[in-house]
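Enquirer: Just so you know, the sequence shown maps onto residues 1 to 574 in the working numbering. Quick reminder that beta carbons are idealized off the backbone N, C-alpha and C, glycines included.
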Amino acid sequence: MPPYFTAFSAFFRPFSKAFRRPWHPLGLLLVLALWLTTLGNVPLWRSFWALTDSHGLRTGLGLLAMGVIVFAATTVLLSLLVWPRWRKPVGVVLLMVAAANSYFMTAYGVVIDPTMMANTVQTDVREVRDLLSGSMLMVLLLGVVLPGVWWWRQPVQQWPAMRLLGRQLGLALLALVLMMVVIWASFQDLASTMRNHKSLRYMVNPFNTVYASGRLLVGQTTQARMSLQPIGEDAAMVSSGAAGAPPLIVLVVGETVRAANFGLAGYARDTTPELRQLQTSGELTYFSNVRSCGTNTQVSVPCMFSHLGREAQAKNDIPYENLLDVLQRAGMQVLWLDNQSGCKGVCDRLPNFGNVASTLNLKDPTLCPDGECFDEIMLRVLPERLTELEKSRPAGKAPVGTVVVLHQMGNHGPAYYKRTPADMKQYLPECRTNVLQDCPAQDIVNAYDNAVRYTDHFLGQTVRWLKTQKRPTAMLYVSDHGESLGEKGLYLHGMPYMMAPQEQTHVPMALWLSKSLKMQSGWEANCWQKQATDALTHDHYFHSVLSLAQVKTRWQQPELDMFSACKAKPALRG
Numbered sequence: 001m002p003p004y005f006t007a008f009s010a011f012f013r014p015f016s017k018a019f020r021r022p023w024h025p026l027g028l029l030l031v032l033a034l035w036l037t038t039l040g041n042v043p044l045w046r047s048f049w050a051l052t053d054s055h056g057l058r059t060g061l062g063l064l065a066m067g068v069i070v071f072a073a074t075t076v077l078l079s080l081l082v083w084p085r086w087r088k089p090v091g092v093v094l095l096m097v098a099a100a101n102s103y104f105m106t107a108y109g110v111v112i113d114p115t116m117m118a119n120t121v122q123t124d125v126r127e128v129r130d131l132l133s134g135s136m137l138m139v140l141l142l143g144v145v146l147p148g149v150w151w152w153r154q155p156v157q158q159w160p161a162m163r164l165l166g167r168q169l170g171l172a173l174l175a176l177v178l179m180m181v182v183i184w185a186s187f188q189d190l191a192s193t194m195r196n197h198k199s200l201r202y203m204v205n206p207f208n209t210v211y212a213s214g215r216l217l218v219g220q221t222t223q224a225r226m227s228l229q230p231i232g233e234d235a236a237m238v239s240s241g242a243a244g245a246p247p248l249i250v251l252v253v254g255e256t257v258r259a260a261n262f263g264l265a266g267y268a269r270d271t272t273p274e275l276r277q278l279q280t281s282g283e284l285t286y287f288s289n290v291r292s293c294g295t296n297t298q299v300s301v302p303c304m305f306s307h308l309g310r311e312a313q314a315k316n317d318i319p320y321e322n323l324l325d326v327l328q329r330a331g332m333q334v335l336w337l338d339n340q341s342g343c344k345g346v347c348d349r350l351p352n353f354g355n356v357a358s359t360l361n362l363k364d365p366t367l368c369p370d371g372e373c374f375d376e377i378m379l380r381v382l383p384e385r386l387t388e389l390e391k392s393r394p395a396g397k398a399p400v401g402t403v404v405v406l407h408q409m410g411n412h413g414p415a416y417y418k419r420t421p422a423d424m425k426q427y428l429p430e431c432r433t434n435v436l437q438d439c440p441a442q443d444i445v446n447a448y449d450n451a452v453r454y455t456d457h458f459l460g461q462t463v464r465w466l467k468t469q470k471r472p473t474a475m476l477y478v479s480d481h482g483e484s485l486g487e488k489g490l491y492l493h494g495m496p497y498m499m500a501p502q503e504q505t506h507v508p509m510a511l512w513l514s515k516s517l518k519m520q521s522g523w524e525a526n527c528w529q530k531q532a533t534d535a536l537t538h539d540h541y542f543h544s545v546l547s548l549a550q551v552k553t554r555w556q557q558p559e560l561d562m563f564s565a566c567k568a569k570p571a572l573r574g
């Protein structure tokens, strides 16, 4: 070994031994708290700093006060969570949570609230794959792997359990006092900031995840303890007196399509040429003023099919049956076809749910390239599934109608470019990465608009198929929520409803009825077109679909039925 190398090693040996000395348990805990407060909360500090254009002394003091509060609160949390037996794994988990949250909040402008946590729990392999990127892996390397290895390898002094308990509880109490003092000293400015910028409260790592997970767990536990409450026990089919075959109603649940980019809504691009042709011929009605129930699928889809409405649904802990249960109770056959990540519990009680719910395992070289299916695959398998559904009907029981739900992949992001077949890409160049902030704004819009145009094609194909059926038919399309494409620095969706931009809540809805269903319903000609500009929400969905399917129940509210003005006095049948 060269002499200079020996001298170099001898010089640094005392420092190496110093760093290898066992850590005081509270000292190591404070290091983790400091990491989580600073590097683990970069999106919070960036957002806090960006609240004002003048970065003077007052802004600096406010940022410092907020930093002390977060550090003290984190110290209290760690003092209660981090104990010798699970100290190292808990620390790594917290590093992982902070890094992942920071990445998604920075990259897409989302916040971590209970609905976002529910989305995370409900996600599937396709959605995870669409979110993976080189920048995400780099964040995980720098924010989890490197500090995690350091954290795991640190020796820690062994203390008697009761002595350590007293010290950690004392540290928690001291940190709590510090936090309360700083809050009292800066209450006026901080209270105003948090009141006017509510999104900040969902950006504090790791408290956002702890809070969201706790809310989700409590809600699920509460519902699991309660029995399912039936609704629509009196449901029955009705008729205006016109005879005819039982109706076939197709409900298309769109995914992540916002009205702002929908051609029928007045968008500069004609992203809905096939629907426009149907509208021009008088066959289709577009509803231009519709608001979603939520800003993500996990909230919106169950809310759409519920009788409660958005506000009551948000506060409800009681498990109720939904629209599909009522339709089945009225005697209708119900089929759910899913090209998404599941029905969020809505279709769980369909008798044939296990066989028809998902297109994930379907193989088709044209419609399912690379293991993911375009939405048209649902129309490919629909006739076969309807035949099987008809065979399952008890012998001797007369058919009274069928409702089919097609749950689209639609415009699911951030990989919008994957949602359109290569031969249908109208707008180029398009963003071909899931790291949206790396793309020019117009390329993101091009990829998104291509997917909207494909949804238009899918809906046009659905109507063409319905026209070939020998019974009264209808199609009702509505998107579950909208999407942000970079406006105000936001991407994707999932913002808390009270602070969500209209791009995430204003959604398209369209209705097509066959001539035979118009005659069978006995409705005034085109009366539903009078409601086309009325303010509607997902709250109207449950009650309006019952009218469309010609089902009567006391649970239906006429004021939320957008077809109520169309009806003649019905007679019970069946």
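1. Can you tell me whether DSSP reads Gln-157 as helix, strand or coil?
2. Is the separation between the beta-carbon of Arg-310 and that of Thr-505 shorter than 8 Å?
3. Tell me which same chain residues have a C-beta within less than 8 Å of the C-beta of Gln-157, skipping the five on either side of it?
4. Who are the Cβ neighbours of Lys-488 in its own chain at under 7 Å, not counting the five residues just before and after it?
5. Is it buried or exposed for Thr-533, if we count other Cβ within 10 angstroms and need 16 for buried?
6. Quick check on the burial criterion: 16 or more other C-beta atoms within 10 angstroms. Buried or exposed for Leu-476?
7. Measure the alpha-carbon distance for Val-97 versus Ala-268 and round it to whole angstroms.
8. Is Val-346 closer than 8 Å to Asn-322 when the C-beta atoms are compared?
9. What residue does the beta strand (DSSP E) around Trp-512 start on, and which one ends it?
10. Check Phe-305 in the structure and name its three-state DSSP category.
11. With burial defined as no fewer than 16 other Cβ atoms inside 10 Å of the residue's Cβ, what is the status of Gly-40: buried or exposed?
12. Taking C-beta to C-beta, are Ala-33 and Thr-74 nearer than 8 Å?
13. Which two residues bound the contiguous alpha helix (DSSP H) that contains Ala-73?
14. Tell me which same chain residues have a C-beta within less than 8 Å of the C-beta of Arg-276, skipping the five on either side of it?
15. Compare the Cα-Cα distances from Gly-91 to each of Asp-364, Gly-60, Ser-192, Val-31 and report the closest residue.
16. Give me the residue from Ala-236, Glu-483, Gly-62, Leu-548 with the minimum Cα distance to Tyr-416.
17. Could I get the ranges of all uninterrupted alpha helix (DSSP H) runs contained in the region 453 to 529, with 4 residues as the minimum, in chain order?
18. Am I right that Arg-258 and Glu-503 are in contact with their C-beta atoms under 8 Å? What's the rounded C-beta distance?
19. Cutting at 6 Å between CB atoms, please list the residues of its own chain near Trp-151, excluding the five before and the five after it.
20. Take Thr-115 as the anchor and find which of Leu-428, Thr-37, Tyr-202, His-407 has the nearest alpha-carbon.
21. What does the Cβ neighbour count give for Pro-230, buried or exposed, with the cut at 16 atoms within 10 Å?
22. Please return the same chain residues whose Cβ sits closer than 8 Å to the Cβ of Asp-364, not counting the five positions on each side in sequence.
23. Is the beta carbon of Leu-284 closer than 8 Å to that of Trp-465?
24. If you check the beta carbons only, do Thr-462 and Gly-410 fall under 8 Å apart?
25. Just checking my contact of His-481 with Thr-295 at CB under 8 Å: how many whole Å lie between their CB atoms?
26. With a 10 Å radius around its C-beta and 16 neighbouring C-beta atoms as the bar for buried, classify Trp-528 as buried or exposed.
27. Which residues does DSSP pair with Tyr-448 in a beta bridge?
28. In three-state terms, what does DSSP make of Phe-287?
29. Determine whether the Cβ of Asp-364 lies closer than 8 Å to any Cβ atom of chain D.
30. Excluding the five sequence neighbours on either side, which residues of its own chain have a C-beta within less than 7 Å of the C-beta of Cys-566, listed in chain order?
31. Kindly identify the DSSP beta-bridge partner or partners of Lys-552.
32. Determine the burial state of Glu-274: buried for a count of at least 16 other Cβ atoms within 10 Å of its Cβ, exposed for fewer.
33. Report the CB separation of Gly-109 from Leu-490 in whole angstroms; it is logged as a contact under 8 Å.
34. Report yes if the C-beta of Glu-524 is less than 7 Å from at least one heavy atom of the ligand MN; otherwise report no.
35. Under DSSP, the alpha helix (DSSP H) around Val-90 begins and ends at which residues?
36. Going by DSSP, which residues form a beta bridge with Leu-337?
Expert: Checking against the coordinates, here is how it stands:
1. The answer is coil: DSSP assigns Gln-157 none of H, G, I, E or B.
2. Using a Cβ distance threshold of 8 Å, Arg-310 and Thr-505 do not count as a contacting pair.
3. Pro-22, Trp-23, His-24, Pro-25
4. Pro-501
5. The residue is exposed, with fewer than 16 neighbouring Cβ atoms inside 10 Å.
6. buried
7. 41 Å
8. In contact: Asn-322 and Val-346 (Cβ atoms closer than 8 Å).
9. 506 to 513
10. DSSP places Phe-305 in coil when its eight states are reduced to three.
11. buried
12. yes
13. Following the DSSP letters along the chain, one finds Ala-73 inside the alpha helix (DSSP H) bounded by residues 57 to 81.
14. Gly-263, Leu-264, Asp-270
15. Val-31
16. Glu-483
17. Taking only runs of at least 4 residues, the alpha helix (DSSP H) segments lying wholly in the region 453 to 529 are 515 to 521.
18. Their Cβ separation, rounded to whole angstroms, is 5 Å, which keeps Arg-258 and Glu-503 in contact under 8 Å.
19. Excluding its 5 nearest sequence neighbours in each direction, Trp-151 has C-beta neighbours in its own chain below 6 Å: Gly-91, listed in chain order.
20. Tyr-202
21. exposed
22. Answer for Asp-364: Cys-373, Ile-377, Arg-380, listed in chain order.
23. no
24. no
25. Rounded to the nearest angstrom, the Cβ distance from His-481 to Thr-295 is 5 Å, consistent with a contact under 8 Å.
26. buried
27. According to DSSP, Tyr-448 bridges with nothing at all.
28. strand
29. Included in the structure is just one protein chain, with no chain D present.
30. Trp-523, Glu-524, Cys-527, Trp-528
31. Lys-552 pairs with Ala-236.
32. buried
33. 4 Å
34. No copy of the ligand MN appears in this structure; indeed no ligand is present at all.
35. 87 to 108
36. Leu-406
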